[in-house]
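All remarks here apply to the structure that follows.
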Amino acid sequence: MAVKEYIRERFFPHIWCPGCGHGVVLGGLVRAVEAIGLKKNDIVMVSGIGCSSRIVGYMDFHTLHAIHGRALAFAVGVKMSRPELTLLVPMGDGDALSIGGNHFIHACRRNIDMTAIVMNNKVYGMTGGQYSPLSGYGTMATTAPYTNIDQEFDVVNIATAAGATFVARTTSYHVQQLPEVLEEAIRHKGFSVVEVMSPCPTYYGRKNKEGSAVDMMERLKNTTTPIGSKAKRENPSLIERGVFVKKEMPEYCAEYQKIIERAMKGN
Ligand SMILES: Cc1ncc(C[n+]2csc(CCOP(=O)(O)OP(=O)(O)O)c2C)c(N)n1
Ligand code: SF4
Ligand SMILES: [Mg+2]
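Convert by adding 318 to the 1-based position in the sequence shown; the result is the number in my numbering.
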């Protein structure tokens, strides 16, 4: 199926600001789905609320635009009733790790087969630039006019510690790595997490004097490096990109099916 077939063109133009990284994630996702050869009717995309979550409106899969912070809870319900479907769960950094933080860690530990995509722009974009749990110490936000003193979560570390069986990070600058990592995550049998560092020039960029949308993209190039690279050894402040965790563990729906069978037999 051509990439275009996965898009709801009737809903364009999209709502994202010029230079927003979220559209690049949309591009990466459709390329990943196309590379796997998934049929539109076999995919359910579930989101919460946020600029990032608007992505569900533009994809021609089964889509569920649910409640802020609760995308994974809805997705788990869909997956448990229809385990044969492929579940994609795009979330903002606030959506996934602030209001939705508890759902996130517990979804990681259950190893239910779905792909969580954390579109990390380090800010609450949709609601006007409040700081998020991923903004980081020393950043500026509309709710931190004298600088933010909260330390940030590291998505890769938190997903790994919570038990996710596939954990990766890439950025919206790395347009070749992005669909490749998403494809690997979707193919993985278990709970996969992909953090995509993505610019919000309108709020995060403006408040933190990061320059134009192009400057922000260049920063993603210059501040990240492949896992285990020589550059990382020489400059530990670089953020690593790539697949950090890939392991096998019993998958939740398959285990649940065994429980149903045992209950039916009464043993
Ligand atoms: C229960 C609830 N609380 C708060 C809100 C308001 N709200 C909507 S989107 C959002 C944050 C969006 O930030 P993020 O998830 O990072 O997505 P982004 O817009 O940055 O892509 C908030 C607080 C809401 N819609 N529902
Ligand atoms: S406010 Fe930020 S996150 Fe939202 S569409 Fe604009 S650039 Fe993107
Ligand atoms: Mg955000």
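We put the beta carbon where it would ideally sit given N, CA and C, even for glycine.
Sequence-distant Cβ neighbours of L356 in its own chain, meaning closer than 7 Å and more than five residues away, are T404.
For S365, there is no enclosing alpha helix (DSSP H); the residue is part of the beta strand (DSSP E) that begins and ends at 361-365. Relative to M535, the option among K322, P336, E573 whose CA is nearest is P336.
The way I'd put it, the segment 522-536 doesn't touch the segment 567-576; fewer than three beta-carbon pairs between them come closer than 8 Å. Pairing F484 with L538, the inter-Cα distance amounts to about 22 Å. In the DSSP annotation of this structure, the continuous segment of the alpha helix (DSSP H) that includes R349 starts and ends at 340-354. Sequence-distant Cβ neighbours of A384 in its own chain, meaning closer than 7 Å and more than five residues away, are V364, S365, G366, F392.
Rounded to whole angstroms, the gap between the alpha carbons of L452 and P554 is 19 Å. Here DSSP, grouped into helix, strand and coil, assigns S416 to coil. Judged by the Cβ position, D411 qualifies as a neighbour of ligand 1 at the 6 Å threshold, a heavy atom of the ligand being closer than this. Secondary structure remark: continuous beta strand (DSSP E) runs of at least 3 residues inside the segment 373-431, in chain order: 380-383, 404-410. In terms of Cα proximity to G418, the closest of M444, R400, S450 is S450.
Judged by DSSP secondary structure, I467 falls outside any alpha helix (DSSP H); it is assigned neither H nor E. Comparing alpha-carbon positions, the option among H380, G443, G584 lying closest to N359 turns out to be H380. By the neighbour-count criterion, in which 16 or more other beta carbons inside 10 Å mark a residue as buried, Y522 falls on the buried side. The beta carbon of I361 is closer than 6 Å to those of F379, T404 in its chain, skipping five residues each way along the sequence. DSSP places V563 in the strand class (E or B) of the three-state scheme.
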